[in-house]
Amino acid sequence: MTLPRSFYDRPTLQVARDLIGKVLVHRSRAGDTSGVIVECEAYIGEEDPACHASAGRTRRTAPLYGPPGHAYVYFNYGMHYLVNAVTEAEGTPAAVLLRALEPLDGVEIMRRRRARGTLRRPEAFKPHELCRGPGNLTCALGIGRAHNLGDLTSGGLVIEDRGLGSFPLGWGQRIGIRVGTDRPWRVFVPGHPAVSGPPSRSRRA
DNA sequence: CGTTCGATGCACT
DNA sequence: GTGCATCGAACGT
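For the first sequence, our numbering gives the first residue as 1287, with consecutive numbering after it.
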């Protein structure tokens, strides 16, 4: 079932925690792609220096101030789209950045998208690297500008509860930011091969 | 193993 | 003009 708007209309850290194990689905012309969310990060309010809303309400950050359950998609470093789920009541700027998925449906489509424009062949991608990292997962699912402000509770890009059960949770510092690094607002499935960041110590045999 | 660094577009001041 | 919520190739150890 698709997550209802009330799921997102809650404290952002709770939403981030509960998004682990849910499924991001994109139904596109090329076919359906989906994956289990195994890593995400909370960005909360104008007082969070890493949150885009710290710059106040601008054309870029307007989606953060909008109603919960919508997508905030933006373009970064000149080459990557990043997708967030907007949380909390309208007027309260906050969101959860989706950082990694375990691929479920459409793995071959993901391979083709990831390989496009590279020298690497599609079949060279291992499943767990297809959606590891926020820029990689949007590439694999074909998420772009057009999805900004889209409704995650209905339409082509949605988040579903497929009853996959509970996952072990780890919390830590957010990755790739230069300010607000003290807040432990990153949630992930410890040791999962699709999780981004430095390889876990426990990976050694 | 580890770290560094270039590519690349755009919103914002 | 500046600075990114990144990625992966290219180094050094």
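Beta carbons: idealized from backbone N, C-alpha and C, even for Gly. A quick note: this is a predicted structure, and the numbers were derived from the prediction, not measured.
Residue range of the unbroken alpha helix (DSSP H) whose run includes residue i
i: Y1294; result: 1291 to 1294
i: R1303; result: 1298 to 1305
i: R1385; result: It is not in any alpha helix (DSSP H) - R1385 instead sits in the beta strand (DSSP E) that spans 1380 to 1389.
Rounded distance between the beta-carbons of residue j and residue i, thought under 8 Å
i: L1437; j: H1356; result: The residue you asked about is not Leu; residue 1437 is Asp in the sequence shown. Confirmed, about 6 Å.
i: L1416; j: A1426; result: 5 Å
i: G1282; j: S1314; result: The requested residue 1282 does not occur in the structure, where the chain is confined to residues 1287 to 1491.
i: I1306; j: A1371; result: The pair is not a contact, with the Cβ atoms about 12 Å apart (cut-off 8 Å).
i: R1460; j: R1469; result: 7 Å
i: V1369; j: L1350; result: Not quite, the Cβ-Cβ distance comes to about 13 Å (not below 8 Å), so this is no contact.
i: A1480; j: E1374; result: Not a contact, Cβ separation roughly 27 Å.
Straight-line gap, residue i to residue j (C-alpha atoms, nearest Å)
i: G1403; j: L1435; result: 27 Å
i: A1386; j: G1421; result: 9 Å
i: R1489; j: R1343; result: Only weak support is given to the placement of R1489: the predicted model assigns it a pLDDT of 36, under 50, and the value that follows is read from those uncertain coordinates. The alpha-carbon atoms of R1489 and R1343 are separated by roughly 43 Å.
i: G1392; j: G1428; result: 11 Å
i: Y1294; j: K1412; result: 32 Å
i: A1328; j: G1419; result: 15 Å
i: L1455; j: G1466; result: 21 Å
i: G1352; j: V1324; result: 26 Å
i: R1399; j: P1408; result: 8 Å
i: S1452; j: V1473; result: 14 Å
i: Q1300; j: R1291; result: 14 Å
i: P1476; j: R1346; result: 33 Å
i: G1245; j: E1376; result: The chain is shown from 1287 up to 1491; residue 1245 falls before or after that span and cannot be answered.
i: S1486; j: Y1363; result: Confidence at S1486 is low in this model, with a pLDDT of 48, below 50, so the placement of that residue is unreliable and no value is reported for it.
i: A1341; j: E1332; result: 7 Å
i: A1491; j: H1366; result: Residue placement at A1491 is poorly supported in this model, since its pLDDT is 29, which falls under 50; the coordinates still yield a value, given next. Their backbone Cα atoms lie some 34 Å apart in a straight line.
i: T1288; j: P1335; result: 32 Å
Residue range of the beta strand (DSSP E) that includes residue i
i: H1478; result: Segment: none, H1478 is in no beta strand (DSSP E) and carries neither H nor E.
i: L1423; result: L1423 -> not in any beta strand (DSSP E); alpha helix (DSSP H) instead, spanning 1420 to 1427.
i: I1461; result: Careful: I1461 lies outside any beta strand (DSSP E) and carries neither H nor E.
i: V1393; result: No beta strand (DSSP E) holds V1393; the alpha helix (DSSP H) holding it covers 1393 to 1401.
i: H1414; result: No beta strand (DSSP E) contains H1414, which is instead part of the alpha helix (DSSP H) from 1413 to 1416.
i: S1314; result: 1309 to 1314
i: A1435; result: In the sequence as presented, Ala is not what sits at residue 1435; that position holds Leu. Per DSSP, L1435 belongs to no beta strand (DSSP E) and is neither H nor E.
i: V1444; result: 1443 to 1446
Scan the region 1324 to 1378 and note each continuous alpha helix (DSSP H) run of 4 residues or more that stays entirely inside, going in chain order. 1348 to 1351
Assess contact between the region 1357 to 1368 and the region 1308 to 1326, defined as three or more Cβ pairs (one per stretch) separated by less than 8 Å. Is contact present? no
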